[in-house]
RNA sequence: GCGGGCGUGGCGGAAUCGGUAGACGCACCGGACUUAAAAUCCGUUGGCCGCAAGGCCGUGGGGGUUCAAGUCCCCCCGCCCGCACCA
């Protein structure tokens, strides 16, 4: 658009109305939909960028955490598109799970109806945020077309032996009436219900994640763009430890040797000469067998089972045991028999469920030995202590550093370092054929059976004759029955009159369908891969996966550091081994965002009050309705229970999506918690209006051709604009959105200042239009609606959303003069502006000639002048 | 207990490599415009001393390395997070 100089000038500037997001935002959202800006290009010749945010559970309404998560992803998606990438930015729904069943029980709504209605609501809310999502790829995990592939892959896992049926002690959530995986038990309580978890023996389907323990650990090394914290948490969770598995010969009280030796696991085989007892888990098969004949042992077992696994329970729990009528022969001391106990601190699920106790060098063993008056023999001694002076008090000596300690009281090991002693024992035990080196993991296999309705049916049929038979793939999907009732506790699938009664696919006899459904974490373990070919007849279409995977940037909350992110990494591997994909790591880069937090409020009665009802006056806070005094409490994660929730819907209604997006990006770096404040939101709103006024002023000026010569203030403005462009580009690349926003504020200020004195000259108008255009493009990823509105106001064609990212002019980034701070003895005293090309001597002499410098030097002698080119000058004087 | 992170004005935070500490925003205060309000605009704001010029102190505390430390090293304090009887 070219206007004659002066046309419209004044008129527009005077009449610049306020920017109205309520009309502008829906308009541009429609324009984007029509232009399909967010749909990934099928052209696979282009560089791709797959940005994914953790998909939401369709609870019914979006919350501020979603706004933050999806805004972060959207900024990146829009930016990468402008940089010429073929961007995949999809959205779906993690739609199975308990809340839908709870709604069914509370309100009598069918889980499917409840879920799909919630999805519709939330989708509309997400659209109002102006997110550039490729909705053509949308799916919900409860769509039979999604879960049929999950069933198919499970059948492949079964064939590969990656899925097995195991009877195991499981975590039982008595409130949700279902099994939980280890990862889903937090501090002894169910992750969802918060109920104290009980232990139960149950047969259930298990995925062999432990087969990949080593590879899951090794793979962490390659994940350079994952937060160290998350990698460390996964590493600790996998919990690799190197040690030995070896066996004791056992004798009964009459000295008769038992047929089977007793294997134990240890990482401190070097301390074998300090062994003074052997301890078995209360759930060890030997203890179970003995308990059948001995009431006291049976009672001890019951006592252990009753013990909770919560933090307090473990901390308070005394080391306790019961002597068993057995002895273990020491492998290296001929005549020594060690007493055998069942002990409450030995876990059946780790190692062999049996240990040898060396009290001098393990705190638990020491506590136990003191209680039962067992010998405490030190076998590792600090180098600076004489062996005969080495005594153990209430604290075990656990230092095993080769440099600090030495072996004592250990026959052929005496004088060795701990690593040497370990090696020697390992060698001897291997020679004797009683043990071998072994690596143990803390990680357990993943129990995936859940006794629930609203989940993916496990595609198996139990036949009296044939056992567990996979449903033939041609019969997939095994669909959930729709006519279910929730009036009885327990699993509605199990109660259904007909659903489970089927014939065996193998022999045709009457059989029973598996009524358990999958843990919903399975659904979310491979959804990222489904997005590459969401309508394919196979789980993942190979060519699409080869092009799009892995996810280039994954964004979500830290709370999934272990659960979801570890399961997904396992699934990627299992899918390779079953021929469904070929990327070992699903997420190349991971970003964990902080929470959205808000001040809490209480009224005089101590009840929580929602922020909307709090009025701020000079004298303090008051209740909007009752007028009572309000006390502000700590700033905490938004939660319904504390009522400190801000509904994104209200914010969008009041200020528009751009303001919400801008504020949530501006105040804190994205990995940290951000406090939502009314004042901050208003600040963001004011900024949108300020931009709008600026743009109106510029629009009133004619766009000019670049003049041959440009100097003075116009040149300075161009410099600021191009420098801001370079800085913001780098900030976005590094996800430093808060800093990017600070730079954009500065550019806005520079444009406003320039406008005060700008003439109606070609150079000035050119610089203004250029700066405006750059600024619009810079904030377009963050405030996309306002950007389009300004773009069109300035008369540009098309959509900013489809414009390539601007390039900074290198010649404008370079400075010809530079201002150097001058320090004298490390303290800043003055500054000097010199030509960039100025030499060291030149700078030095002009620095020393300055009054402020002379004053600071006083009567001292200049020893040295340090000139760091382009940085600083430091005069050292004594 | 084990492992990890963080600590900068009234607040959120900025500060590639060690190189002007406090960018930018919020809040506050002062001013302009207005009959008034809203909106907007301009300005001040780390602390102490000083009329000013300027000086001294200052990134949780203490020590160290360096011409120079928020940044590197050692010790301590405080807060936060993860795991937790894992042999």
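Residue numbers (the working numbering): -11 to 866.
Even for Gly, the Cβ is constructed at its ideal location relative to N, Cα and C.
Item: At 3 residues or longer, what runs of the beta strand (DSSP E) sit wholly inside the segment 521 to 587?; Value: 541 to 545 and 578 to 581
Item: Leaving out five residues on either side along the sequence, give the residues of the same chain with a beta carbon under 6 Å from the beta carbon of residue 731.; Value: 712, 715 and 716
Item: Grab me the residues of residue 758's own chain with a C-beta within less than 7 Å of its C-beta, minus the 5 sequence neighbours each way, in chain order.; Value: 706 and 709
Item: Between the alpha carbons of residue 515 and residue 60, how many angstroms are there, rounded?; Value: 20 Å
Item: In angstroms with no decimal places, state the Cα-to-Cα distance between residue 449 and residue 140.; Value: 14 Å
Item: Along the chain, where does the beta strand (DSSP E) that runs through residue 315 open and close?; Value: 309 to 317
Item: From which residue to which residue does the alpha helix (DSSP H) around residue 54 run?; Value: 52 to 70
Item: Assuming residue 395 is part of the beta strand (DSSP E), what are its boundary residues?; Value: 393 to 395
Item: On the three-pair Cβ rule with 8 Å, is the segment 60 to 80 touching the segment 95 to 105?; Value: no
Item: Note down the Cα distance separating residue 300 from residue 489, rounded to an integer number of angstroms.; Value: At residue 300 the pLDDT is 48, less than 50, meaning the model places this residue with poor confidence; the figure from the coordinates comes in the next sentence. Looking at the two C-alpha atoms, the distance is approximately 46 Å.
Item: In the segment 468 to 505, which residue ranges form an unbroken alpha helix (DSSP H) of at least 4 residues, counting only runs that do not cross its ends?; Value: 480 to 483
Item: Check each candidate in 157, 163 and 162 and name the one with the smallest Cα separation from residue 170.; Value: 157
Item: Could you check where the alpha helix (DSSP H) with residue 717 kicks off and where it finishes?; Value: 700 to 721
Item: Does the count of Cβ pairs from the segment 456 to 471 and the segment 371 to 383 closer than 8 Å reach three?; Value: no
Item: Excluding sequence positions up to five away, which residues of its chain have a Cβ less than 6 Å from the Cβ of residue 340?; Value: 251, 252 and 253
Item: Please report the Cβ distance between residue 348 and residue 262, rounded to the nearest whole angstrom; I am assuming they are in contact, meaning their Cβ atoms lie under 8 Å.; Value: 5 Å
Item: From what residue to what residue does the beta strand (DSSP E) around residue 849 run?; Value: Premise fails: residue 849 is in no beta strand (DSSP E) and is neither H nor E.
Item: Any idea what DSSP makes of residue 14, helix, strand or coil?; Value: helix
Item: If you run the structure through DSSP and keep just helix, strand and coil, what is residue 647?; Value: helix
Item: With the cut-off set at 9 Å, would you say residue 729 and residue 661 are in Cβ contact?; Value: no
Item: Just checking, does the segment 180 to 189 make contact with the segment 146 to 165 on the three C-beta pairs under 8 Å criterion?; Value: yes
Item: Kindly indicate which residue of 487, 472, 431 and 495 has the alpha-carbon position closest to the one of residue 451.; Value: 495
Item: Given that a residue counts as buried once 16 or more other Cβ atoms are within 10 Å of its Cβ, and exposed if not, what is residue 944?; Value: One cannot answer for residue 944 here, as it falls past the ends of the chain, which runs -11 to 866.
Item: Can you give, in chain order, each stretch of the beta strand (DSSP E) that sits fully within the segment 617 to 693 and has at least 3 residues?; Value: 617 to 625
Item: Can you tell me whether residue 757 is helix, strand or coil according to DSSP?; Value: helix
Item: Cα-Cα, which of 610, 794, 591 and 646 is closest to residue 70?; Value: 794
Item: For residue 161, name the three-state secondary structure that DSSP assigns.; Value: strand
Item: If you follow the beta strand (DSSP E) that residue 332 is part of, which residue opens it and which one closes it?; Value: Segment: none, residue 332 is in no beta strand (DSSP E) and carries neither H nor E.
Item: Answer yes or no: do residue 362 and residue 474 have a C-beta to C-beta separation smaller than 9 Å?; Value: no
Item: Report yes or no: do the segment 437 to 449 and the segment 132 to 139 share at least 3 C-beta pairs separated by less than 8 Å?; Value: yes
Item: Which value, in whole angstroms, describes the spacing of the CA atoms of residue 665 and residue 566?; Value: 50 Å
Item: For the alpha helix (DSSP H) that residue 137 lies in, which residues bound it at each end?; Value: 132 to 148
Item: Which runs of the beta strand (DSSP E) fall wholly inside the segment 402 to 448 and span at least 3 residues, in chain order?; Value: 423 to 429
Item: Out of 599, 822, 821 and 810, state which residue places its alpha-carbon closest to the alpha-carbon of residue 861.; Value: 810
Item: Express the C-alpha separation of residue 479 and residue 92 in angstroms, rounding to a whole number.; Value: 13 Å
Item: According to DSSP, residue 862 sits in a beta bridge with which residue or residues?; Value: 811 and 854
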